[in-house]
Structure formats: structure tokens, C-alpha cells
Amino acid sequence: MRVLAVASGGGHWEQLLLLRDAFSRHEIHFATTSKVSKHEIGAISVQILPDCNLRQPLRTLECAVRSAFLIARLRPQIVISTGAAPGLLCIFWGRVMGARTLWIDSIANADRLSLSGRLAMRIAHRCLTQWEHLARERTVHYAGALL
Amino acid sequence: MILVTVGTQLGFDRLIRLMDEIALHLPTTVVAQIGAGSFIPRNMQYHRSLEPSRFLELVENARVIVGHAGVGTVLAAEKYRKPLIVFPRSAGLGEHRNDHQAATASALAGRQGISVATDRDELERTLRRGLRSELELPLGPKPGPSLLAAVARFVETGELAF
Numbered sequence: 000m001r002v003l004a005v006a007s008g009g010g011h012w013e014q015l016l017l018l019r020d021a022f023s024r025h026e027i028h029f030a031t032t033s034k035v036s037k038h039e040i041g042a043i044s045v046q047i048l049p050d051c052n053l054r055q056p057l058r059t060l061e062c063a064v065r066s067a068f069l070i071a072r073l074r075p076q077i078v079i080s081t082g083a084a085p086g087l088l089c090i091f092w093g094r095v096m097g098a099r100t101l102w103i104d105s106i107a108n109a110d111r112l113s114l115s116g117r118l119a120m121r122i123a124h125r126c127l128t129q130w131e132h133l134a135r136e137r138t139v140h141y142a143g144a145l146l
Numbered sequence: 000m001i002l003v004t005v006g007t008q009l010g011f012d013r014l015i016r017l018m019d020e021i022a023l024h025l026p027t028t029v030v031a032q033i034g035a036g037s038f039i040p041r042n043m044q045y046h047r048s049l050e051p052s053r054f055l056e057l058v059e060n061a062r063v064i065v066g067h068a069g070v071g072t073v074l075a076a077e078k079y080r081k082p083l084i085v086f087p088r089s090a091g092l093g094e095h096r097n098d099h100q101a102a103t104a105s106a107l108a109g110r111q112g113i114s115v116a117t118d119r120d121e122l123e124r125t126l127r128r129g130l131r132s133e134l135e136l137p138l139g140p141k142p143g144p145s146l147l148a149a150v151a152r153f154v155e156t157g158e159l160a161f
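Going down the list, the protein sequences come from chains A and B. Number 22 in numbering that gives the first Met the number 0 belongs to position 23 of the first sequence; there are no gaps in the numbering. Number 38 in numbering that gives the first Met the number 0 belongs to position 39 of the second sequence; there are no gaps in the numbering.
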């Protein structure tokens with residue numbers, strides 16, 4: 000499988016790397032918002048996207064355009080993201096262009112799903128929370144947590 | 000050595016300022032990663048942003064870690080089994096877009112090796128206990144096997160199998 004795994008820098012990225020064993024046998028491409036060496040993480044490629052959050056419309060638009068080109072070029076079969084907004088945009092374009100898509104909400108969201116997560120619930124094929132009490136039948140599943 | 004981190008992105012001047020005051024009275028050096036904060040510490044060594052490998056090296060050498068409720072900090076503290084004191088940002092004070100760090104902190108409070116402090120007294124008291132080795136150590140990293148398995152299954156089949 001050609002997999003694109005996306006996360007913003009910081010805690011989201013750290014959580015994505017902790018899930019790396021789940022796709023290590025596949026053709027794995029990463030995308031993130033801060034500079035990472037592809038050798039360091041054993042990926043075929045690491046793409047850099049502009050950081051954005053959903054409250055910054057212009058940055059979000061720029062990231063939406065860049066992520067659309069990224070997905071069109073890579074044509075991943077699977078898109079996975081641990082957040083935040085750039086990951087959501089990749090999930091959106093991934094789904095539009097025929098990939099299966101999975102959102103894993105950050106463990107930092109213990110009270111409710113993140114804003115991106117609540118949108119991902121509608122956009123991604125599947126959505127996971129890392130908090131059992133946030134799971135909802137059919138829309139948000141709980142399958143364990145990283146911490 | 001005590002390591003203070005507020006992450007590499009947002010600043011967190013309230014915590015850095017408090018730690019700078021407390022550092023003056025502590026019998027050990029304090030190193031801080033201050034991110035984009037505007038308060039410049041006088042009594043601590045500080046870095047704006049540390050390379051991940053350098054950050055982990057400091058975690059490994061620290062006796063106690065003080066941080067915002069960031070996942071990266073929690074994972075690093077658990078990896079090296081260092082007591083972590085979490086001092087959450089407050090959305091009410093304009094330190095974060097929402098109170099999810101306070102929420103994370105309360106969810107983390109029951110975890111072995113993690114204490115939560117919300118004011119100066121509590122922070123200083125907990126720090127001193129840490130330096131006297133009176134704080135519990137975290138259990139060590141525990142990768143979630145079921146989450147990993149669920150994601151692996153999704154990559155293979157496009158389904159989570161619920």
C-alpha cells in the first residue's frame with residue numbers, strides 16, 4: 000500500500016511516529032510542518048506543508064492548495080493523520096482522490112474531540128479517539144491510546 | 000539539573016517567570032526551553048527551541064522535568080522515567096486557544112510519575128520533593144498495542160474491524 004501519514008510538528012508528529020510500526024511494511028510517505036530528515040525516520044519521502052489552523056483562513060487556504068497538489072502527485076491509497084488542520088486537509092483531498100482515510104485524534108484532547116477532529120468525523124472514512132469516554136457509536140471509535 | 004519546557008512553538012511567560020524566580024533559591028541548575036516567549040530568564044540557562052535529540056539528552060540528564068501539558072513532554076518523561084510536573088497553560092489567561100491543556104493535565108494527574116501544579120507554591124513544593132527524590136517515577140513507555148494493531152489493520156484492509 001502507498002501510505003501518506005500526516006501530522007503537524009510537535010505532539011501530533013510525535014504521536015504519528017509512535018504509530019510508525021503500523022505502516023512500516025508499506026510504501027510510506029510522511030508530511031509534516033517542520034523540517035525532518037527522511038533518513039532519520041526511514042520514510043521514502045517527507046513533504047513539508049505550511050502550518051495552519053482553522054482560525055487562520057489565509058494560511059489554511061495556502062495549506063489546502065499545497066496539500067491538494069501533494070495528494071494529486073503522490074496518489075496515496077491510505078491517508079492517516081494524528082492532526083491537526085494540515086492533516087485534516089490531506090484527509091479531505093485523499094478522500095476526494097480515492098484513498099481510504101483514517102483520523103486519529105490527539106491524546107491531548109481529553110474533554111472533547113479537537114475542532115479538526117470534529118470535522119474529520121464527517122470527512123474521514125474512520126475516526127479514532129484516544130479516550131474511551133469520547134467514543135460515539137458509529138462515528139468515533141476507541142481502540143486504545145499511545146500513553 | 001531541572002529541565003523546564005513549554006514546547007517549541009508558543010511561549011508561556013507565566014511559567015518561565017515563576018521558574019526563574021524559584022530557580023534563584025534552588026540548589027541545582029535549571030535549563031529552560033522557552034519557545035516564543037518574551038520573558039528572558041536571568042537565573043536559568045535558556046534556549047528558544049532545542050533540537051529533538053538535544054532535548055532528549057537533557058531529559059535523560061534531568062532530575063525533574065517541569066512542562067506544559069504537552070504530549071511530547073509526557074512521552075519523553077516516561078521514556079526516561081523522570082518525574083514530571085505539569086503546569087498547564089490557561090485559556091482564561093490567554094495562554095492557549097482553549098483549555099485543552101488543563102483538560103489533559105487533569106486526565107494525566109492520576110498517572111504514575113506525573114504531578115500537576117497550578118500556582119507558584121504548589122510548583123515550588125513539588126519541585127523540592129522531586130529534588131529529594133520523593134516523587135514517584137513514571138512506569139516507562141507503554142506503546143498501546145491495540146491502537147497500533149487497529150491502525151495496522153486499517154493500512155492493510157482500509158477497515159478498523161469493529
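Here a beta-carbon is modelled for each residue, glycine too, at the ideal position from N, C-alpha and C. Please read all numbers here as calculations on a predicted model, not as lab measurements.
Counting C-beta neighbours from all protein chains within 10 Å, is the total for Asn108/A 16 or more, i.e. buried, or is it exposed?
buried
CA-CA distance, Leu2/B and Gln32/B?
8 Å
Measuring CB atoms only, is the segment 126–135 of chain A touching the segment 32–51 of chain B, in the sense that at least three cross pairs come out at less than 8 Å?
no
Less than 7 Å between the beta carbons of Leu18/A and Val150/B, yes or no?
yes
Residue from Ala106/B, His67/B, Thr156/B, Gly93/B whose Cα sits closest to the Cα of Arg111/A:
Ala106/B
Environment of Ala104/B [buried if 16+ CB atoms lie within 10 Å]
It counts as buried.
Using a Cβ cut-off of 7 Å (strictly closer), state whether Gly143/A contacts chain B.
yes
Nearest CA to the CA of Arg65/A: which residue from Gly8/A, Asp20/A, Ala123/A, Leu88/A?
Leu88/A
Is the CB-CB distance between Leu48/A and Ala30/A below 7 Å?
yes
CB contact check: Ser145/B to chain A, cutoff 7 Å:
yes
Which residues in chain B have a C-beta closer than 7 Å to the C-beta of Arg99/A? List them in chain order.
Gly157
Can you name the residues of chain A whose CB is closer than 9 Å to the CB of Leu74/B?
Gly10, Glu13, Gln14, Leu17, Leu145, Leu146
Opening and closing residue of the beta strand (DSSP E) in which Cys126/A lies
First-last of the beta strand (DSSP E) with Cys126/A: 125–128.
Given a threshold of 16 other Cβ atoms within 10 Å of its Cβ, counted over all protein chains shown, does Asp104/A qualify as buried or as exposed?
buried
Would the segment 76–88 of chain A and the segment 47–63 of chain A be scored as touching if the rule is three or more Cβ pairs under 8 Å?
yes
Mind listing, in chain order, the continuous alpha helix (DSSP H) runs of no fewer than 4 residues lying wholly within the segment 40–102 of chain A?
If we require 4 residues or more, the alpha helix (DSSP H) runs fully inside the segment 40–102 of chain A come out as 56–73, 84–95.
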